[in-house]
Amino acid sequence: MKHRALFPTCPDGEFFGRVAEIDSILRRAASEERPAPSILLFGGRWTGKTEILRRVFHNLFWGQARVVPVYYQFKGYGTVEDFSEDYLKEVLKQYLAFRMREPKFVRDGISLDKIEKLLVDNDMYDLADIAALHREARKAGDASAALKNAMHAPAAITRLSGIPVYMVLDDIDLAEYQGPSGRSAAVARELISSLSSSDFSFVAAASSKRVLEGNVFGSVEAMELTGLDEELSASMMTDLCRQYNVESDTEMLRLAAFRLDGNPMYLKSLVWAAAKSGLKLKTLKDFADLYTQELFDGNIGFALRAAMGLKSINDLRVLHACSVAAAPVSDEELMERFRFSPVEMREILGSLSEAGLVEVNLGSVKWSGDSTVKDFVYFIYETRVKARSADEVRTYLAREVLKQGFDFKGSRINVRLSSEASEIVKSFNNQKVLKVLFKNQAFLSKFKNGSYKVSADRREDEELELPQVVGCFDTARLESGEAGPPILVAHGFQNGRYDSGSEVVWIVTVKDSLSPVNLGDVDNFLRRSQILRENFRAARVVRWMVGRDGFTSEAQKKMEAEGVHSSDAVQLKIIKEGLADSDGAARMRAAEKIVPVKEFEVVIPSATKAELVAARAVEEIGTEMGFDDVAIGQIKAALVEACINGFEHSRNKAAKVFLRFVSSVDRLTIYVQNGGVDFDRPGAPAISEPSEGLPRKRGWGFELMRGLMDEVKMEKVRGGAKIVLVKYLVKKGDSRNGQQEI
Amino acid sequence: MVNRKYRNFKELDGAVVIYPDNYINDIEGEKLEDLCAAYLERGFSKIVIDFSETDLVNSIGVSILIGIIEKVRHCKGNIAFSGLKRVNYDIFSIVGLTKHIQIYDTEEDAVNGNVPHEMVTT
Numbered sequence: 240m241k242h243r244a245l246f247p248t249c250p251d252g253e254f255f256g257r258v259a260e261i262d263s264i265l266r267r268a269a270s271e272e273r274p275a276p277s278i279l280l281f282g283g284r285w286t287g288k289t290e291i292l293r294r295v296f297h298n299l300f301w302g303q304a305r306v307v308p309v310y311y312q313f314k315g316y317g318t319v320e321d322f323s324e325d326y327l328k329e330v331l332k333q334y335l336a337f338r339m340r341e342p343k344f345v346r347d348g349i350s351l352d353k354i355e356k357l358l359v360d361n362d363m364y365d366l367a368d369i370a371a372l373h374r375e376a377r378k379a380g381d382a383s384a385a386l387k388n389a390m391h392a393p394a395a396i397t398r399l400s401g402i403p404v405y406m407v408l409d410d411i412d413l414a415e416y417q418g419p420s421g422r423s424a425a426v427a428r429e430l431i432s433s434l435s436s437s438d439f440s441f442v443a444a445a446s447s448k449r450v451l452e453g454n455v456f457g458s459v460e461a462m463e464l465t466g467l468d469e470e471l472s473a474s475m476m477t478d479l480c481r482q483y484n485v486e487s488d489t490e491m492l493r494l495a496a497f498r499l500d501g502n503p504m505y506l507k508s509l510v511w512a513a514a515k516s517g518l519k520l521k522t523l524k525d526f527a528d529l530y531t532q533e534l535f536d537g538n539i540g541f542a543l544r545a546a547m548g549l550k551s552i553n554d555l556r557v558l559h560a561c562s563v564a565a566a567p568v569s570d571e572e573l574m575e576r577f578r579f580s581p582v583e584m585r586e587i588l589g590s591l592s593e594a595g596l597v598e599v600n601l602g603s604v605k606w607s608g609d610s611t612v613k614d615f616v617y618f619i620y621e622t623r624v625k626a627r628s629a630d631e632v633r634t635y636l637a638r639e640v641l642k643q644g645f646d647f648k649g650s651r652i653n654v655r656l657s658s659e660a661s662e663i664v665k666s667f668n669n670q671k672v673l674k675v676l677f678k679n680q681a682f683l684s685k686f687k688n689g690s691y692k693v694s695a696d697r698r699e700d701e702e703l704e705l706p707q708v709v710g711c712f713d714t715a716r717l718e719s720g721e722a723g724p725p726i727l728v729a730h731g732f733q734n735g736r737y738d739s740g741s742e743v744v745w746i747v748t749v750k751d752s753l754s755p756v757n758l759g760d761v762d763n764f765l766r767r768s769q770i771l772r773e774n775f776r777a778a779r780v781v782r783w784m785v786g787r788d789g790f791t792s793e794a795q796k797k798m799e800a801e802g803v804h805s806s807d808a809v810q811l812k813i814i815k816e817g818l819a820d821s822d823g824a825a826r827m828r829a830a831e832k833i834v835p836v837k838e839f840e841v842v843i844p845s846a847t848k849a850e851l852v853a854a855r856a857v858e859e860i861g862t863e864m865g866f867d868d869v870a871i872g873q874i875k876a877a878l879v880e881a882c883i884n885g886f887e888h889s890r891n892k893a894a895k896v897f898l899r900f901v902s903s904v905d906r907l908t909i910y911v912q913n914g915g916v917d918f919d920r921p922g923a924p925a926i927s928e929p930s931e932g933l934p935r936k937r938g939w940g941f942e943l944m945r946g947l948m949d950e951v952k953m954e955k956v957r958g959g960a961k962i963v964l965v966k967y968l969v970k971k972g973d974s975r976n977g978q979q980e981i
Numbered sequence: 002m003v004n005r006k007y008r009n010f011k012e013l014d015g016a017v018v019i020y021p022d023n024y025i026n027d028i029e030g031e032k033l034e035d036l037c038a039a040y041l042e043r044g045f046s047k048i049v050i051d052f053s054e055t056d057l058v059n060s061i062g063v064s065i066l067i068g069i070i071e072k073v074r075h076c077k078g079n080i081a082f083s084g085l086k087r088v089n090y091d092i093f094s095i096v097g098l099t100k101h102i103q104i105y106d107t108e109e110d111a112v113n114g115n116v117p118h119e120m121v122t123t
């Protein structure tokens, strides 16, 4: 069997996400439309452009026969003639490799003479003429003819062979910098001319969209490549930490992923550094230590130093000024501040722009680096220009990273809790729920070890009747000068009666930090709600405080005395689950049935029988929840189908399936996400109908899921698709799932 | 005639009982398909697949089983299932396979052609 490798790529186990981008490029490249739509893939440094292009090339080489793929990476050359020969060589040799199914030709360096001979030996005389033309041009010292011949070779091959060439062009913006100054323009001009001819299609990668500006490429779709999204980058880090035996914490990895802008190179470097130095990634402090170490002395710092290529201390001054400016800076302002001549300024901006660090547009200079580059610029600026010691700068940076990280954690919780509280209030619709869910002190005294102790008089079963909410809004407009978190106001009617006597207003606030609600918070809320209630002529006002980390005892006492409802995050989740549907609310009327929502996450790689790992996990969770063997068998079978479907539609060997199990009072909900392209659509058409009235052979996955679970939904999410499987502990009017109906 | 029992099949007089693995996916399904094809070639007219050891059959496994049934019928042979666990019965039922094949509680019933039973072990 042939060695199928073509251009080097990173190991599959270290390649994450980007499935949607690869799939999108492949679909366009091999579409029936002629010429196929071209694409410009643009994005910052180390966002994975080269990896994507090489994987696209690999897929096109081995997976289709509609186009001939040719990969070319622009880099520096001595002369235009050398560049022309290199480009032509790659085009011809990869054409031969594809036609002869010989990957060795792609991997190996072969001289143009040898390629010409191979073309002749394989009766491709017209293509051999293209190589001969180059030889003649070089012999005559005609660099322009050699360049033209090379750049238009893909179009010529398409015309002569009848099979379209599809160019995969990496670092296309470097075409401007081929060869000695003066000649570079010729390369760029000829490249643009060949790409705009529409004789062949291409996908090109560049650091910005700039290459499209002012050029007529026909219809070129611009595809931006940003960092990996938060979920995917956190999963990537989790996986890498597992591979390299680095102890980690999921929330901390999410923070790291956010702080590093989801940049795959930074994320990998951080985990490698942790593995190398035997450090953990469990706390904010671990992250701050590792990050600053990596930035100053590690792989990230080394890579940034090489990539930025700062030529002088003045480059650094300008770069620093742009990185800290809140808005784009004018070149005149920079010239004045640093006493540069126009020539000096132009040179500096040219070099910074070439490195992708700033964008210059009509005299306006805009910082285009990411936050890690900004930190790195800060470090070298402070040490070289301000002559501070590395330790001093490192201490300052670590402090900032810690503070930002803490804010980040707080803001995430705030966003989640505020929106959850808002959703819950909006779903109030005359339901009855246990009062204890709105009384934090009483709840905590009884709720221990995941279950609720009920007293003999069953006072815990006391219910609170919720209003029917007709609308809600936050008070930002009413309290423009007020400090503290926004307050949510919900208007509704009690007891299903729409009269003034039944009108009610709920005033709700959510504590937005990691510390518990204290007396000061309660006083602030009481004061503000007192002022707010003047705006509403409702007969009754209900006040409710939600605290992520609960309440101090003084705060609880005061709220109890003032009749303010109080709930922490656990109570909020129970309320949310209970209100999700009428059956859930009915089941929540017995205090001993209160069970906290538990969440588990599992990531499985695309490997033989990997779906059984998911099945094993759900078996444990289901048993713990009280499902019987039959129900567990059904859940396992449905989950196996969802996982297989996820892998099948990822179109990538290294694809992973992300699973989230949410166990709540009455149901198990499983979210299956493939981080890539769509799953099979439910009710896919039958592919083959066997004879003798037997069922069709394929396309049963979704029907099995639907038949085995109580609910199956498919949701489109950013970067992929998600299947949601739900199994109730007790199905309405049925006890087959393992428990008697309450 | 001497009955011979191997790890994953048992040859009886004119019939063979096959014991698939605990999880029938594409790989296991193909092994099963090869085994059935080999017995059909050797002239065995009755094939019993006993699923007592099989915890789960996935949709790819199901499609292969449908192919096996098709092939056996094409060769004028007879095929039956036995020892199905509840979840596998549910799966075959959703797919509609239970209407097309005889399902027995035990392999003995299947081999002897006793009256097929509707159920299954849990």
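Those sequence lines, one after another, are chains E and X.
All residue numbers in the first sequence are consecutive under the working numbering, ending with 981.
All residue numbers in the second sequence are consecutive under the working numbering, ending with 123.
Where is the CB? At the ideal position from N, CA and C, for every residue including glycine.
Beta carbon of residue i nearer than 7 Å to that of residue j
{"i": "ASN9 (chain X)", "j": "ASP56 (chain X)", "result": "no"}
{"i": "LEU529 (chain E)", "j": "ALA542 (chain E)", "result": "no"}
{"i": "VAL747 (chain E)", "j": "ALA819 (chain E)", "result": "no"}
{"i": "LYS990 (chain E)", "j": "GLU702 (chain E)", "result": "Only positions 240 to 981 of chain E appear in this structure, which leaves residue 990 (chain E) out of reach."}
{"i": "ILE264 (chain E)", "j": "VAL442 (chain E)", "result": "yes"}
{"i": "PRO706 (chain E)", "j": "PHE764 (chain E)", "result": "no"}
{"i": "ARG493 (chain E)", "j": "LEU656 (chain E)", "result": "no"}
{"i": "VAL612 (chain E)", "j": "GLU621 (chain E)", "result": "no"}
{"i": "LEU964 (chain E)", "j": "ILE909 (chain E)", "result": "yes"}
{"i": "GLN333 (chain E)", "j": "VAL319 (chain E)", "result": "no"}
{"i": "LYS521 (chain E)", "j": "ASP488 (chain E)", "result": "yes"}
{"i": "ASN884 (chain E)", "j": "GLY938 (chain E)", "result": "no"}
{"i": "THR397 (chain E)", "j": "ASP362 (chain E)", "result": "no"}
Terminal residues of the beta strand (DSSP E) in which residue i lies
{"i": "HIS75 (chain X)", "result": "No beta strand (DSSP E) holds HIS75 (chain X); the alpha helix (DSSP H) holding it covers 60 to 75."}
{"i": "ARG906 (chain E)", "result": "906 to 912"}
{"i": "ALA16 (chain X)", "result": "16 to 19"}
{"i": "TYR105 (chain X)", "result": "103 to 105"}
{"i": "VAL307 (chain E)", "result": "307 to 312"}
{"i": "SER628 (chain E)", "result": "Careful: SER628 (chain E) lies outside any beta strand (DSSP E) and carries neither H nor E."}
{"i": "MET784 (chain E)", "result": "779 to 786"}
{"i": "HIS730 (chain E)", "result": "726 to 732"}
{"i": "THR748 (chain E)", "result": "742 to 750"}
Within chain E, the residues that residue i reaches when beta carbons sit closer than 9 Å
{"i": "VAL18 (chain X)", "result": "Per Cβ cutoff of 9 Å: no residues; VAL18 (chain X) is ~22 Å from chain E at best."}
Cross-chain neighbours of residue i in chain X, by beta carbon under 9 Å
{"i": "ILE860 (chain E)", "result": "What ILE860 (chain E) touches in chain X: nothing, since even the nearest Cβ is about 17 Å away."}
{"i": "ILE883 (chain E)", "result": "ASN26, ASN59, SER60 and ILE61"}
Boundaries (first-last residue) of the alpha helix (DSSP H) holding residue i
{"i": "ALA395 (chain E)", "result": "392 to 400"}
{"i": "ARG493 (chain E)", "result": "489 to 498"}
{"i": "ASP713 (chain E)", "result": "Not the alpha helix (DSSP H): ASP713 (chain E) falls in the beta strand (DSSP E), residues 707 to 713."}
{"i": "GLN769 (chain E)", "result": "758 to 772"}
{"i": "ALA370 (chain E)", "result": "364 to 378"}
Interface residues of chain E facing residue i [CB-CB closer than 7 Å]
{"i": "ILE25 (chain X)", "result": "Going along chain E, no residue has its Cβ under 7 Å from ILE25 (chain X), so there is no contact; the nearest lies around 11 Å."}
{"i": "VAL63 (chain X)", "result": "TRP939"}
{"i": "ILE70 (chain X)", "result": "LEU933"}
Proximal residues of chain X, C-beta to C-beta of residue i below 7 Å
{"i": "ALA876 (chain E)", "result": "LEU57, VAL88 and ILE92"}
{"i": "GLU880 (chain E)", "result": "ASN59 and SER60"}
{"i": "GLU942 (chain E)", "result": "ILE95"}
{"i": "VAL896 (chain E)", "result": "Going along chain X, no residue has its Cβ under 7 Å from VAL896 (chain E), so there is no contact; the nearest lies around 14 Å."}
Neighbour list for residue i in chain X, Cβ cutoff strictly below 8 Å
{"i": "PRO934 (chain E)", "result": "ILE67, VAL96, GLY97, LEU98 and HIS101"}
Would you call the stretch 403 to 417 of chain E and the stretch 301 to 312 of chain E touching, i.e. three or more CB-CB distances under 8 Å? With a cut-off of 8 Å on Cβ pairs, the stretch 403 to 417 of chain E is in contact with the stretch 301 to 312 of chain E, counting three or more such pairs.
Please determine if the stretch 279 to 288 of chain E and the stretch 499 to 508 of chain E are in contact, where contact requires at least 3 C-beta pairs separated by less than 8 Å. Counting Cβ pairs under 8 Å, three or more are found: they touch.
Does the stretch 551 to 570 of chain E come close enough to the stretch 616 to 624 of chain E that 3 or more CB-CB pairs lie under 8 Å? Pairwise C-beta distances place the stretch 616 to 624 of chain E in contact with the stretch 551 to 570 of chain E, as three or more of them are shorter than 8 Å.
Assess contact between the stretch 76 to 92 of chain X and the stretch 104 to 116 of chain X, defined as three or more Cβ pairs (one per stretch) separated by less than 8 Å. Is contact present? When C-beta atoms of the stretch 76 to 92 of chain X are compared with those of the stretch 104 to 116 of chain X, three or more pairs fall below 8 Å, so the two segments count as touching.
Short of 8 Å Cβ to Cβ, which residues in the stretch 838 to 864 of chain E face chain X? So the list reads THR847, LYS848, GLU850, LEU851 and ALA854, given in the order they occur along the chain.
Give a yes or no on contact between the stretch 382 to 399 of chain E and the stretch 420 to 440 of chain E, applying the rule of three or more CB pairs nearer than 8 Å. Touching, yes, given that three or more Cβ pairs across the two stretches are closer than 8 Å.
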